[in-house]
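Under my numbering, the first residue of the sequence shown is numbered 29, with each subsequent residue one higher. Using N, Cα and C, we set each Cβ at its ideal position, and we do this for glycine too. Values in this document were obtained by computation on a predicted structure and should not be read as measured data. Input: a single structure, listed below in structure tokens.
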Amino acid sequence: MNQKEFLKERNSDWSILLIIANITLLIIYMNVGNLKDELTSEGKFLWLSMSVNVLLGFYAFSYHGKKYQLGKVFFILLSIFNVLCYSVLWISSKSFRP
């Protein structure tokens with residue numbers, strides 16, 4: 029393995045670790061302090077899913093090559109899941125209005 033591939037793989041590992049750390053910090057932030065009382069469970073879900081989608085998107089499209097295809101697959105699946113969840117929340121908010 030040459031030096032460039034080694035650095036790319038090491039940076040990829042660090043990126044995954046930082047994504048996990050950011051998600052953990054976001055979960056902690058949502059459950060502590062004033063934000064805990066302000067957000068509903070749907071709001072927490074929306075913030076968490078949007079932030080994970082953005083972080084995973086940056087990861088998926090910053091690394092190129094066959095080894096990093098899994099990141100793109102996860103990004104596409106999470107994007108589809110988010111669109112479906114957002115549409116269900118939007119439809120339910122319009123359908124059950126008193």
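Residues of its chain near residue 40, where Cβ-Cβ distance is below 6 Å and the 5 sequence neighbours each way are ignored: The residue given as residue 40 occupies position 12 in the sequence shown. Correct list, in chain order: 91.
Buried versus exposed, by CB contacts within 10 Å (16 or more), residue 109: As a first step, residue 109 is located in the sequence shown; it is residue number 81 there, counting from the start. Per the 10 Å Cβ criterion, exposed.
9 Å Cβ cutoff met for residue 89 and residue 100: For the purposes of this step, residue 89 is identified with residue 61 of the sequence shown, where counting begins at 1. For the purposes of this step, residue 100 is identified with residue 72 of the sequence shown, where counting begins at 1. In this structure, residue 100 lies closer than 9 Å to residue 89 by Cβ.
CB contact flag (residue 80, residue 106, <9 Å): Residue 80 sits at position 52 when you count from the first residue of the sequence shown. Residue 106 sits at position 78 when you count from the first residue of the sequence shown. Cβ atoms of residue 80 and residue 106: closer than 9 Å.
Residue 83 beta carbon less than 9 Å from that of residue 56: For the purposes of this step, residue 56 is identified with residue 28 of the sequence shown, where counting begins at 1. For the purposes of this step, residue 83 is identified with residue 55 of the sequence shown, where counting begins at 1. Cβ atoms of residue 56 and residue 83: not closer than 9 Å.
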